[in-house]
């Protein structure tokens, strides 16, 4: 197995430091960040590093004056160390540049027939921290596995995946490939599917049953989340190449669908990243969402499901129950109460929040006016979870319907 530092433009001493000192700390920190998913990752990581270094317990025992004195002394030592390191790095960089120039001169003389093709170049990839130092995971030709399925299994799996935002952005062709690449995995009550800290090569989508995510906190196993049908679990290890953030145990008998890392990376991950980038940029133009931070906006982008309607289609109908929130991506729409037109919508506008906020029937019908309209919908569950902090603003905006 290739080392995480293979190919990095550092000295052996620095590579050894990355592997033995830096990498374990970063992997542990990223695992905790992904488990907690804090609204402010930077503050969380600063706090985490202070606790990890034991600074908090020491500072609690010192007076303010003693802390200042210790910090000044520490700053003085750091400054001295930085100056020494700076001189050393300059010297190393100069030597490395001279070596690289010599190597470049030698390589320039090589004939094309002797140069190694890019497809054969070594590829280091096993660590979170190493990914920050270079470019890995270049796309290569890939043939996904295909597991034989009955028509009933295909229909059941399709229904399950359509309820999962992670797969909603797939093109029809890729969607079919993923269906065939997934393997049905029945589970029994109490079965441990994932162990915290292990490497992960699969994600799972729940068709039936529920599972508990359990994390060891202060030496005790604590349930941090319960996954229900339609939920995806195990994807963090695949998305971020980090160890499993928590253990997952079946509460009762379950049926899940398993997808391997390679299929996920080549098909789902790329489509999800494209979708996220597209919708993140669009959401900056939505007045309601433009004010929230980038992390929260990316979570909303992941949860949006695109829907297309034709002229005259009724997207929501007055007095019917509502279970979705909508944002207009393209086209024009109108809201009517009875025969009276009360509102018009264009790109960047939103509707449907009133029924979800107050748990009441739709206050008006919304009809497509343009030849075609594209909207982005969000389920009630995602709406409550992600737009909760904006509830007061949404409630005030709901006066428009009156």
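Residue numbers (the working numbering): 906 to 1307.
C-beta atoms are modelled at their ideal positions from N, C-alpha and C, and glycine is treated no differently.
These numbers come from a predicted model, not from an experiment.
Residue range 928 to 941 is occupied by the alpha helix (DSSP H) that includes residue 938, with no beta strand (DSSP E) assigned at that position. Distance between residue 1272 and residue 1209, taken at the CA atoms: about 20 Å. In this structure, residue 1145 and residue 939 form a Cβ contact; the two beta carbons are roughly 7 Å apart against a cut-off of 8 Å. In the pairwise beta carbon analysis, the region 1081 to 1096 is classified as touching the region 1159 to 1177: at least three pairs are separated by under 8 Å. In this structure, residue 1122 keeps its C-beta atom at 8 Å or more from the C-beta atom of residue 1152. Annotated as distal: residue 1236 and residue 1261, with beta-carbon spacing of 8 Å or more. Between residue 935 and residue 1071, the C-beta gap is not smaller than 8 Å, which leaves the two residues out of contact.
In this structure, 1133 is the residue among 1171, 1180, 1133 with its C-alpha nearest to the C-alpha of residue 1157. Note on geometry: alpha-carbon atoms of residue 942 and residue 1096 lie some 26 Å from one another.
Contact annotation, residue 1233 with residue 1257: C-beta distance approximately 11 Å; criterion of less than 8 Å not satisfied. In the same chain as residue 1276, and ignoring 5 residues on each side of it, the C-beta atoms closer than 7 Å to its own belong to 1216, in chain order. Rounded to the nearest whole angstrom, the C-alpha separation of residue 956 and residue 1102 is 20 Å.
Boundaries of the beta strand (DSSP E) harbouring residue 1238: 1238 to 1242, taken from the DSSP string. DSSP places residue 1125 in the uninterrupted beta strand (DSSP E) bounded by 1125 to 1132.
One thing to note: residue 1278 has its Cβ no nearer than 8 Å to the Cβ of residue 1223. In this structure, residue 1055 keeps its C-beta atom at 8 Å or more from the C-beta atom of residue 1110.
For residue 1085, the uninterrupted alpha helix (DSSP H) run begins and ends at 1077 to 1086, by DSSP. Excluding the 5 residues flanking it on each side, residue 1130 has same chain C-beta neighbours closer than 8 Å at 1117, 1118, 1151, in chain order. In the structure shown, residue 1276 adopts coil according to DSSP, grouped into three states. For the pair residue 918 and residue 1148, the CB atoms are not nearer than the 8 Å cut-off. Comparing alpha-carbon positions, the option among 1069, 1188, 1200 lying closest to residue 1135 turns out to be 1069. Residue 1058: not part of any beta strand (DSSP E); member of the alpha helix (DSSP H) spanning 1056 to 1066, first to last residue.
Taking 8 Å as the cut-off, the Cβ atoms of residue 1142 and residue 1114 do not count as close. Restricted to the region 1086 to 1124, the beta strand (DSSP E) segments that are unbroken, complete and at least 3 residues in length are 1088 to 1092, 1097 to 1099, 1107 to 1113, 1116 to 1122, listed in chain order.
By the neighbour-count criterion, in which 16 or more other beta carbons inside 10 Å mark a residue as buried, residue 1139 falls on the buried side.
For the pair residue 1203 and residue 1185, the CB atoms are nearer than the 8 Å cut-off.
In this structure residue 1286 is exposed. Its beta-carbon is surrounded by fewer than 16 other beta-carbon atoms within 10 angstroms. Secondary structure of residue 1149 (DSSP, three-state): coil.
The beta carbon of residue 946 sits closer than 8 Å to the beta carbons of 938, 1200 from its chain, once the five residues preceding and following it are set aside; these are given in chain order.
Per the C-alpha coordinates, the member of 1168, 1171, 1169, 1205 positioned closest to residue 1182 is 1205.
Per DSSP, reduced to three states, the secondary structure at residue 1163 is strand. Closest by C-alpha distance to residue 1280, out of 1241, 1196, 1188, is 1188.
Per DSSP, the continuous alpha helix (DSSP H) segment holding residue 1179 begins and ends at 1175 to 1188. Ranked by how close their Cα comes to the Cα of residue 1051, the residues 1057, 1290, 1084 have 1084 in first place. Looking at 1049, 1177, 921, 1082, the one whose alpha-carbon comes closest to that of residue 1059 is 1082. For residue 1263, the enclosing alpha helix (DSSP H) covers residues 1258 to 1263.
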